[in-house]
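Have a look at the structure below before the remarks.
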Amino acid sequence: MEKWDQQTIENFRKDLLHWYDKEGRNHLPWRKNTDPYRVLVSELMLQQTRVDTVITYFNRFMTALPTVQDLAKAPEEQVLKLWEGLGYYSRARNLHRAAKVVAFDLKGAWPKSYEDLLTLPGVGPYTAAAVASIAFHQVVPAIDGNFFRVFSRLLKIDDDIAKPKTRRVFYEAVAPIVDPKRPGDFNQAIMDLGTSYMKTTDPDTLHSPVLTYNAAYRDGVEDQYPVKTKKKKPILQRYQALVRYNEEGDLLYEKRPQTGLLADFWTLPLRPIASIEELEGVQLTVKPITHVFSHRKWEIWPVQVEDTGKLADNQRFFSADEQAALALPKVQHKILQELKES
DNA sequence: GACCCGTGGAA
DNA sequence: TTTCCAAGGGT
Numbered sequence: 001m002e003k004w005d006q007q008t009i010e011n012f013r014k015d016l017l018h019w020y021d022k023e024g025r026n027h028l029p030w031r032k033n034t035d036p037y038r039v040l041v042s043e044l045m046l047q048q049t050r051v052d053t054v055i056t057y058f059n060r061f062m063t064a065l066p067t068v069q070d071l072a073k074a075p076e077e078q079v080l081k082l083w084e085g086l087g088y089y090s091r092a093r094n095l096h097r098a099a100k101v102v103a104f105d106l107k108g109a110w111p112k113s114y115e116d117l118l119t120l121p122g123v124g125p126y127t128a129a130a131v132a133s134i135a136f137h138q139v140v141p142a143i144d145g146n147f148f149r150v151f152s153r154l155l156k157i158d159d160d161i162a163k164p165k166t167r168r169v170f171y172e173a174v175a176p177i178v179d180p181k182r183p184g185d186f187n188q189a190i191m192d193l194g195t196s197y198m199k200t201t202d203p204d205t206l207h208s209p210v211l212t213y214n215a216a217y218r219d220g221v222e223d224q225y226p227v228k229t230k231k232k233k234p235i236l237q238r239y240q241a242l243v244r245y246n247e248e249g250d251l252l253y254e255k256r257p258q259t260g261l262l263a264d265f266w267t268l269p270l271r272p273i274a275s276i277e278e279l280e281g282v283q284l285t286v287k288p289i290t291h292v293f294s295h296r297k298w299e300i301w302p303v304q305v306e307d308t309g310k311l312a313d314n315q316r317f318f319s320a321d322e323q324a325a326l327a328l329p330k331v332q333h334k335i336l337q338e339l340k341e342s
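Per the UniProt record's numbering, the first sequence starts with residue 1, numbered consecutively.
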């Protein structure tokens, strides 16, 4: 691992921020100002999610709920509808809870330090550092995937970034490098660097504004960084989806459990099956609907079943209009699309 | 520390 | 088609 002297650190800050001021992504909507609410919403949306995907969601969300008080007062259905399709829905519920803490419990007085921000639901080490540095000028490194990638190459850090304890290694190495005058810009500059000249695949290191600081490139081993172990592939789960209409043509839904995958969302009743030999109704499609989550792959066979009249506690019929108003997970939209086409 | 939690784009 | 992964956090 490389160790920079004070002069190198100061030169790096200057070169990095000079480039950032010239070529940084200052057009991103959440960079219009450093209102902590805007920063928090954007950071929650950006967790494990691409910038291009988030932009539309962010603008829509801020238009509908411009202040932390608006979000705190909003019904959860509205928050989830605004989040619909973005995934990782616990982020939306945590953001909602965090807004209630700030607006109600703290009466609008934002936590400003890294430690206090950490206490908000949905705010972990990265997000606390991002909000603290960008909105409140706290001098802390916001260590995300970009940060790992950039500094693993610059400093030739060999630790596996997939392991939680590696965060400490990076923190120790980089905390002294964060620019104390512009910590928020420093962190965002690293992110911009990590998605451009120093991106994951096909980086353009030769034209990087910090080429001279890149130890991995200097040694011809840049393609070996960052060190990261692979994830496991999703396991297959097979279901039949019960398609059941009442006399009005409303469609039967079932509310999912309060915990676990797609917690509290409405979908068609899903029943696990070992094979399509077990299908209990009229098979509606030749091929199954498939949907991949981060750790599971669903294979879904829609089957038409008779309306028995009796409903379980967690079941309800919804009209077309009611379905349109619900926040539904992507997999349910896929099922609806398939029913429309068959 | 290991596992859980969504989605869409790229190669 | 398959695989990887993108501004992580909760349990």
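Where is the CB? At the ideal position from N, CA and C, for every residue including glycine.
Predicted, not measured: the structure shown is a model, and the values here were computed from it.
On the CB-based measure, 16 or more other CB atoms within 10 Å of its CB, does residue i come out buried or exposed?
i: Q224; result: exposed
i: M1; result: exposed
i: R168; result: exposed
i: D21; result: exposed
i: Q188; result: buried
i: Q138; result: buried
i: L80; result: buried
i: I190; result: buried
i: T56; result: exposed
i: R91; result: buried
i: F104; result: exposed
i: L287; result: Inspection of the sequence shows that residue 287 is occupied by Lys rather than by Leu. With fewer than 16 other Cβ atoms within 10 Å, it is exposed.
i: N146; result: buried
i: G124; result: exposed
State the DSSP-derived secondary structure class of residue i, mapped to helix, strand or coil.
i: L261; result: coil
i: K297; result: strand
i: K32; result: coil
i: K255; result: strand
i: V178; result: coil
i: V243; result: strand
i: P125; result: helix
i: V150; result: helix
i: P141; result: coil
i: P329; result: coil
i: W110; result: coil
i: T285; result: coil
i: T63; result: helix
i: T212; result: helix
i: T267; result: strand
i: Y197; result: coil
i: L80; result: helix
i: E115; result: helix
Hey, how far is the Cα of residue i from the Cα of residue j?
i: T195; j: A128; result: 21 Å
i: F317; j: L328; result: 15 Å
i: K334; j: G85; result: 12 Å
i: K230; j: T308; result: 48 Å
i: V39; j: M62; result: 11 Å
i: A98; j: S275; result: 43 Å
i: S113; j: A74; result: 27 Å
i: Q7; j: P180; result: 15 Å
i: T200; j: S319; result: 46 Å
i: P164; j: R60; result: 34 Å
i: E23; j: I143; result: 21 Å
i: F58; j: L106; result: 24 Å
i: T34; j: G220; result: 39 Å
i: T259; j: Y89; result: 11 Å
i: F186; j: D264; result: 39 Å
i: V41; j: E277; result: 47 Å
i: F170; j: E322; result: 49 Å
For residue i, which residues in the same chain have their Cβ closer than 6 Å to its Cβ, ignoring the five residues on either side in sequence?
i: V305; result: L242, R244 and G281
i: V331; result: H291
i: Y37; result: V68
i: N314; result: E254 and K255
i: A132; result: Y114, L117, Q138 and V140
Tell me which same chain residues have a C-beta within less than 7 Å of the C-beta of residue i, skipping the five on either side of it?
i: S182; result: The amino acid occupying residue 182 in the given sequence is Arg; Ser does not appear at that position. If we look at R182 and ignore the five residues flanking it on each side, its Cβ neighbours are L17.
i: T205; result: Y197, M198, L211, N214, Y217 and E222
i: L65; result: L71 and A74
i: D101; result: The question names Asp, yet the displayed sequence has Val at residue 101. So the qualifying residues of the chain are L120.
i: G122; result: L44, R91, N94, L95 and A98
Note the first and the last residue of the continuous beta strand (DSSP E) segment covering residue i.
i: residue 343; result: This structure does not reach residue 343, given that the chain is present from 1 up to 342, and the question cannot be answered.
i: T290; result: I289 to V292
i: P272; result: L270 to P272
Residues in its own chain within less than 8 Å of residue i by CB, not counting five upstream and five downstream?
i: Y239; result: L270, R271, P272, I273, W298, E299, I300 and W301
i: L46; result: V54
What are the boundary residues of the alpha helix (DSSP H) that residue i is part of?
i: Q69; result: V68 to K73
i: P36; result: P36 to L46
i: L206; result: Element bounds for L206: n/a, residue is neither H nor E.
i: Q315; result: Run containing Q315: none in the alpha helix (DSSP H); it sits in the beta strand (DSSP E), Q315 to F318.
i: Q6; result: Q6 to E23
i: K120; result: First, the residue type needs correcting, since residue 120 is Leu and not Lys in the sequence shown. That residue, L120, is in no alpha helix (DSSP H); it is neither H nor E in DSSP.
i: P183; result: P183 to G194
i: V305; result: Taken as a continuous stretch (DSSP letters only), V305 belongs to no alpha helix (DSSP H), as it is neither H nor E.
i: V221; result: Note, V221: premise wrong, no alpha helix (DSSP H); not H, not E.
i: H96; result: S90 to K100
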